[in-house]
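Just below is one structure, and these are the notes that go with it.
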Amino acid sequence: MKTTLKDLASQKIDKLVINSLEQALYQAIVVINNEERLVWDYSGKTLLTHSLTEMQNHFAKLEIAQTVIRHESPYDEMIGQSTIKDNRMEVPIGNFQSS
Numbered sequence: 036m037k038t039t040l041k042d043l044a045s046q047k048i049d050k051l052v053i054n055s056l057e058q059a060l061y062q063a064i065v066v067i068n069n070e071e072r073l074v075w076d077y078s079g080k081t082l083l084t085h086s087l088t089e090m091q092n093h094f095a096k097l098e099i100a101q102t103v104i105r106h107e108s109p110y111d112e113m114i115g116q117s118t119i120k121d122n123r124m125e126v127p128i129g130n131f132q133s134s
């Protein structure tokens, strides 16, 4: 489901997932009522940043229960092994608050 940054101001965010796509490229996903939603910026594009801090700054004023960074490695596929097993890794990181 498509969710904009503006929409999130009035939502209770259960989890912010900062998806690490590749070297220094991050995508925002929020979990609301057990549903993952891709976050879109104010110009109607998928919210992408080139730094973790920049991504956290977009969410600094929102109330978020948990923040994680997610990484899914294509390593198994690259070496010809089965991709049946999920290799998703989520690491909790502190919620960022602006001062």
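In terms of the working numbering, the sequence shown is residues 36 to 134. All residues carry an ideal CB built from backbone N, CA and C; glycine is no exception.
Handout entry: Val74, buried or exposed, once every other Cβ within 10 Å from all chains shown has been counted against 16
Key = Buried is the call here.
Handout entry: Residue interval of the beta strand (DSSP E) (run including Thr102)
Key = Run containing Thr102: Thr102 to Glu107, per the beta strand (DSSP E) assignment.
Handout entry: Cβ separation of Arg105 and Ser55, assumed to be a contact under 8 Å, to the nearest whole Å
Key = Correct: roughly 7 Å between the Cβ atoms.
Practice task
Quick one: give me the first and last residue of the beta strand (DSSP E) that Glu125 is part of.
Solution key: It spans Arg123 to Ile128 - the beta strand (DSSP E) in which Glu125 sits, taken as one unbroken run.
Handout entry: DSSP three-state assignment for Ser45, whether helix, strand or coil
Key = Three-state result, Ser45: coil.
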